[in-house]
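Peer 1: For the sequence shown, full-length UniProt numbering assigns the number 1 to the initial residue and increments by one for each residue that follows.
Once you've had a glance at the structure underneath, I'll fire off some questions.
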Amino acid sequence: MGITNLLKCVGIKNYAGSVVAVDAMCWIHRGMISSAVANVTGEPCDKYLKFIISILSVLLSHNITPIMVFDGYEMPTKERENQSRRVRRDKAREEALAMIKKNRGTINTEIMRRCMQAISITPEIIARVMAICREMNVRVLVAPYEADAQVAYLCRAGIAHCAISEDSDLLAYGCPRVWYKLERDGKADEVNLGFSSDPDVKCTKGMLKGLSHRMFVAMCVLSGSDYDDGCHINGMGIKLAHRFILQYGNIPAILSELEENASWAKKLPAHVTRQQLEAHYMNVSQIFLHNVVYDLRSDKLTHVTPISQGETNMDIIVDITHRLREKEVNFRAVSAGHVNPRNGEPLQYTVTDKDRELTDGMRFADIEFLSSIPSPDASEATTDALLQECDSASPQVHRVVAVTDVPQESAASTVAVTMATMLVPSGGSDVVERITGHLHTNESNASVSTCDEYEDVTCSQKCKLRALIDSSEKVVSVRPKRRMSARLNK
1 MGITNLLKCV
11 GIKNYAGSVV
21 AVDAMCWIHR
31 GMISSAVANV
41 TGEPCDKYLK
51 FIISILSVLL
61 SHNITPIMVF
71 DGYEMPTKER
81 ENQSRRVRRD
91 KAREEALAMI
101 KKNRGTINTE
111 IMRRCMQAIS
121 ITPEIIARVM
131 AICREMNVRV
141 LVAPYEADAQ
151 VAYLCRAGIA
161 HCAISEDSDL
171 LAYGCPRVWY
181 KLERDGKADE
191 VNLGFSSDPD
201 VKCTKGMLKG
211 LSHRMFVAMC
221 VLSGSDYDDG
231 CHINGMGIKL
241 AHRFILQYGN
251 IPAILSELEE
261 NASWAKKLPA
271 HVTRQQLEAH
281 YMNVSQIFLH
291 NVVYDLRSDK
301 LTHVTPISQG
311 ETNMDIIVDI
321 THRLREKEVN
331 FRAVSAGHVN
341 PRNGEPLQYT
351 VTDKDRELTD
361 GMRFADIEFL
371 SSIPSPDASE
381 ATTDALLQEC
391 DSASPQVHRV
401 VAVTDVPQES
411 AASTVAVTMA
421 TMLVPSGGSD
431 VVERITGHLH
441 TNESNASVST
451 CDEYEDVTCS
461 QKCKLRALID
471 SSEKVVSVRP
481 KRRMSARLNK
């Protein structure tokens, strides 16, 4: 028993006028595959940029408007995993450079494989991609933490009609529609989950019949994720996790059954107790359900899924929320791509004439309700404010309320009060009303944001675009390893 028929091939021409949220980091990684050797040796290279522009041009030719979403701060719960990846990349880079030197610059299959393992996305690469996107009038958005959580939220909130990614974590975040492996011919593999906005409402039909979003998250966590931290159960794949979650309903019940089964008990991680394993899995589940994201319309931080009053075990969410406060920056400056989340320094890149030749004046139409939100300078960063839209004559900001200052009525109220007082300045409600006023006049179209005005691509631009696509190397069909997506299709 398993999840079958998860993917279906679709043509994006049927989605003209739609807004899509793109996991930009996946596109950069995908484009860097053909630039892997140059990335390792430090040679200048435009191939990854040509790839991104060519895929953006596919969207432009179909009148589909993208929002490019980038990773923000490193998730505290993934520090060990990310450090392990950095060590592996550094080792692969050293080996690749040694092999290139030994082979006197001749690149063979083994060297190419090592270089692909060593691909490193630097702030300079990200800044250049952002600058090119702005040159094409593409909205740039940096997530508080993970880009996939932010992309999922944009789709669930109705800001975007669909997500484009190579990362299966989007499904765990409850993204309703995802396009994978979008190609230049306008074809993609689509996953359409269709969960309710209530994480406890079960699907009544389709391949996920009998599963709620919360149960689906539990299934994904059990099958393995980037948050495993050595806590994966040996032999537990997506099919077994699917069967167990349908049979027992939740993680605590599943672990109880496994602990009582002699063969499964031997496969449980030996370095943690059953209670510690359960707590770890529940924390990971809460991250997929309630990670922190940025709401473009209200201009404030919120959660992927709203926190209900009955929620418990929210310590991990409180922790990652407070860690954002400790960064002491204006998050809107970060979200607009003006501040490097890694070091707090301005993120800058000057577009060159060569860059402009690549885009050849291709521009997307504005996303109307987003164009009213200004993009601040990085110098506007302040300690505890998300917004700087207060009256300039009296820029008073509410005091930050720590968890210890709040009556402990419930975890939900704790997080809600903390988020609101920590991230919204005095007068914020007026700002929200002003920004979202346009939306209320178009409620009938709120579920899918569209652009009424579309700038046609001229014949000259089409010819140059075709030359650009033909001149760029075809991307090697090697994808970064995605544990969950590989299992979902088995």
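Cβ coordinates follow ideal geometry from the N, Cα and C atoms, glycine included.
1) Quick one: what's F51 bridged to in DSSP?
2) Under a three-way DSSP split, which group does S212 fall into?
3) According to DSSP, C115 sits in a beta bridge with which residue or residues?
4) Just to confirm, are I367 and V19 a CB contact at a threshold of 9 Å?
5) How about I52 and G17: are their beta carbons less than 9 Å apart?
6) State the Cα-Cα distance for the pair Q247 and T122, rounded to the nearest angstrom.
7) Rounded to whole angstroms, how far is the Cβ of E166 from the Cβ of Y180, which I believe are closer than 8 Å?
8) How many whole angstroms separate the CB atoms of V304 and A152, which I take to be in contact at a CB cut-off of 8 Å?
9) What residue does the beta strand (DSSP E) around C9 start on, and which one ends it?
10) Please name the residue in P199, L268, G174 and R274 whose C-alpha comes closest to that of G310.
11) Is there a C-beta anywhere in chain C that falls below 9 Å from the one on K102?
12) H322 by DSSP, collapsed to three states: which one?
13) Taking 9 Å as the threshold (C-beta atoms), are A218 and I254 in contact?
14) Tell whether a beta-carbon distance below 9 Å holds between G72 and S335.
15) Let's see if you can read the secondary structure: which residues bound the beta strand (DSSP E) around P139?
16) Once you ignore the five residues that flank N137 on each side, which residues in its own chain have a CB closer than 6 Å to its CB?
17) On the CB-based measure, 16 or more other CB atoms within 10 Å of its CB, does S256 come out buried or exposed?
18) Does the Cβ of P176 have 16 or more other Cβ atoms within 10 Å, making it buried, or fewer, making it exposed?
19) Once DSSP output is grouped into helix, strand and coil, what is the label at residue 493?
20) Is S168 buried or exposed, if buried means 16 or more other CB atoms sit within 10 Å of its CB?
21) Quick check on R177: does DSSP put it in helix, strand or coil?
22) Whole beta strand (DSSP E) runs in the region 261 to 303 with 3 or more residues, listed along the chain?
23) For G11, which residues of its own chain have a beta-carbon under 7 Å away from its beta-carbon, when the five flanking residues on both sides are left out?
24) Looking at C-beta atoms only, is the number of pairs between the region 275 to 292 and the region 307 to 322 that lie closer than 8 Å three or more?
25) Identify the continuous alpha helix (DSSP H) that holds E95 and give its terminal residues.
26) Thinking C-beta only, is S197 closer than 9 Å to C203?
27) Can you tell me where the beta strand (DSSP E) with residue 504 in it begins and where it stops?
28) I need the boundaries of the alpha helix (DSSP H) containing M32, first residue and last residue.
29) Out of Q275, M282, I317 and I107, point me to the one whose CA is closest to V293's CA.
30) Using the beta-carbon count (16 or more within 10 Å), is C9 buried or exposed?
31) Run through the DSSP bridge pairs and tell me what V20 is partnered with.
32) Decide yes or no for the touch test of the region 34 to 49 against the region 114 to 133: beta carbon pairs closer than 8 Å, at least 3 of them.
33) Consult DSSP for N14 and reduce its assignment to one of helix, strand or coil.
Peer 2: Once the coordinates are examined:
1) F51 is not bridged to any residue.
2) Residue state, collapsed to three classes: strand.
3) Answer by DSSP bridge pairing: none, since C115 is not bridged.
4) Less than 9 Å separates the beta-carbon of I367 from that of V19.
5) No, these two residues do not count as a Cβ contact at 9 Å.
6) Between the alpha carbons of Q247 and T122 lies a distance of about 45 Å.
7) About 6 Å separates the two Cβ atoms, so the contact holds.
8) About 6 Å separates the two Cβ atoms, so the contact holds.
9) Unbroken beta strand (DSSP E) run through C9: K8 to G11.
10) Taking only the C-alpha atoms, the option nearest G310 is P199.
11) Absence of chain C from the displayed structure is noted, only one protein chain being present.
12) If DSSP states are grouped into helix, strand and coil, H322 belongs with the helices.
13) In this structure, A218 lies closer than 9 Å to I254 by Cβ.
14) Taking C-beta atoms as the reference points, G72 and S335 count as a pair closer than 9 Å.
15) According to the sequence as given, residue 139 is Arg; it is not Pro. That run of the beta strand (DSSP E) goes R139 to V142.
16) If we look at N137 and ignore the five residues flanking it on each side, its Cβ neighbours are R363 and F364.
17) S256 should be labelled exposed.
18) It is buried - the Cβ of P176 has at least 16 other Cβ atoms within 10 Å.
19) Residue 493 lies beyond the residue range present for the chain, which begins at 1 and ends at 490; the question has no answer from this structure.
20) Classification of S168: buried, given that the 10 Å Cβ count is 16 or more.
21) Strand.
22) Entirely contained in the region 261 to 303, the beta strand (DSSP E) runs reaching 3 residues are, in chain order, 292 to 295 and 300 to 303.
23) Residues G186 and K187 of the same chain have their beta carbon placed closer than 7 Å to that of G11, with the five preceding and five following residues left out of the count.
24) With a cut-off of 8 Å, the region 307 to 322 and the region 275 to 292 count as touching, because enough Cβ pairs lie within range.
25) Its alpha helix (DSSP H) spans residues E79 to K102.
26) Cβ atoms of C203 and S197: not closer than 9 Å.
27) This structure cannot speak to residue 504, because the chain is shown only from 1 to 490.
28) First-last of the alpha helix (DSSP H) with M32: A24 to M32.
29) When each option's Cα is compared against that of V293, the closest is I317.
30) Taking all protein chains shown into account, C9 has fewer than 16 neighbouring C-beta atoms within 10 Å of its C-beta and is therefore exposed.
31) Answer is P66 and C162, bridged to V20.
32) Segments in contact, yes.
33) Helix at N14.
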